[in-house]
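Presented below is the structure to which this report refers.
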Amino acid sequence: MLNFLSQIKTAPWNIDLWGNSVFQYGVALAIFIVFLIVFKIFQVIILKKLKRISETTTTDVDDIMIEAVQSLKPPFYYFVSLYLILPFLTIKEGVLGVITGLLLILIVFQIIKAFLILVDFIFDKLANKKENDGGEKMAYSYLGTFSKIMIWAFGLLMILSNLGVDVTTLVAGLGIGGIAFAFALKNILGDLFASFVIFFDKPFLLGDNIEVGNVKGKVTKIGIKSTRIQSSQGEEVVMSNQDLTSQELHNYQKLEERKVLLSFGVVYETPLGKLKQIQGWLEEIISKTENVRFDRAHFSRFDDSALGFEVVYYIEVDDYKKYMDAQQEINFAILEKFEKEGIEMAYPTRVVYQR
167 MLNFLSQIKT APWNIDLWGN SVFQYGVALA IFIVFLIVFK IFQVIILKKL
217 KRISETTTTD VDDIMIEAVQ SLKPPFYYFV SLYLILPFLT IKEGVLGVIT
267 GLLLILIVFQ IIKAFLILVD FIFDKLANKK ENDGGEKMAY SYLGTFSKIM
317 IWAFGLLMIL SNLGVDVTTL VAGLGIGGIA FAFALKNILG DLFASFVIFF
367 DKPFLLGDNI EVGNVKGKVT KIGIKSTRIQ SSQGEEVVMS NQDLTSQELH
417 NYQKLEERKV LLSFGVVYET PLGKLKQIQG WLEEIISKTE NVRFDRAHFS
467 RFDDSALGFE VVYYIEVDDY KKYMDAQQEI NFAILEKFEK EGIEMAYPTR
517 VVYQR
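Convert by adding 166 to the 1-based position in the sequence shown; the result is the number in the working numbering.
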């Protein structure tokens, strides 16, 4: 009997290796394989259910979940399964700490990947809207990249904190360094944030006619740092986005109609009967002009050398050239009518009497 017991103790499966018997290692390996199989089956089942759901819905949330589940790769399974079999083995504290740390890194990495998938989905969807131009797509791309950097930074701080590193001091140091870095690049960062204001607030779009300060012209390009304007004189003006958003800006492209205030005078020698007819003539001329709405016309003042009239009308176009063409047509028609009726336009005169 004693001989039998001694044989059992010396059997190969009872040989001690690093604090555990071969039998214990065998059991742990079997459990490890079972966990791997369970994880894979679980992933396949979840994917099938999600794909079945996605076929019956119009939302994109299930597509994001499918991509997140598919991102779970074997290294993640291996370490989770390895961690789950540790209670069946006698492991030194140092080795256990290393395995736990690696598992933590993998879990955080997997969470980061899930958030990155979400960020890609959100910003790709925003950037690919039909009404977005190339500038807006670039802005969304920059925002997506910035969001990913922040996610990675937060994940790294989580890992360091769980590994016992004092992240408070690290964050404080990074904050001071970040302030110094931002101060050194304040003009570039100012233009960058101003470009986001332009892209998302949309004070103007490509092709709009705008006026900023003493610059007036058509917007030809909106970039991350600057905007290019084709001025009315023909040259290209490059303005920083920070300057554009810090000044009063007039966008003439947004006009549905343009108001025109016309003032002129006729000579004092004009007969009263003709003066009374001028208002009707002006209304007739303006009303029959295409895309023009008459508002009012009045004999408004007695000037030194003229009887003053004031006319208000609206040109119902947003195109600047058509706006100027309509004004020109009305001015020519007024001159033609006055010439036909013998009415003389006034200009500064002085009468000298001699005794």
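C-beta: ideal position from N, C-alpha, C; glycine also.
Note that the coordinates shown come from a computational prediction; the quantities given were computed from them, not determined experimentally.
Asked: Unbroken beta strand (DSSP E) run spanning M405, endpoints; Found: E402 to S406
Asked: Beta-bridge partners of S392, as assigned by DSSP; Found: S406
Asked: Extent of the continuous alpha helix (DSSP H) to which Y489 belongs; Found: Y486 to E507
Asked: Closest residue to Q413 among E377, F198 and H464 (Cα-Cα distance); Found: E377
Asked: I481 versus V426: straight-line alpha-carbon distance, rounded; Found: 8 Å
Asked: Nearest neighbour of E435, chosen from D461, S429 and F468 [CA to CA]; Found: F468
Asked: Beta-carbon proximity check, F460 vs S453, cutoff 9 Å; Found: yes
Asked: Beta carbon of Y191 nearer than 9 Å to that of L269; Found: no
Asked: Length of the line joining the Cα atoms of S247 and V285; Found: 29 Å
Asked: Through-space distance from I251 to E259, alpha-carbon basis; Found: 15 Å
Asked: K425, enclosing beta strand (DSSP E) - first and last residue; Found: R424 to V432
Asked: Burial state of G439, where buried means 16 or more other Cβ atoms lie within 10 Å; Found: exposed
Asked: Environment of Y479 [buried if 16+ CB atoms lie within 10 Å]; Found: buried
Asked: Where the alpha helix (DSSP H) containing L448 begins and where it ends; Found: L438 to S453
Asked: Simplified DSSP state of I251, which is helix, strand or coil; Found: coil
Asked: Residues sharing a beta bridge with R109, DSSP; Found: The chain is shown from 167 up to 521; residue 109 falls before or after that span and cannot be answered.
Asked: Three-state secondary structure assigned by DSSP to K368; Found: coil
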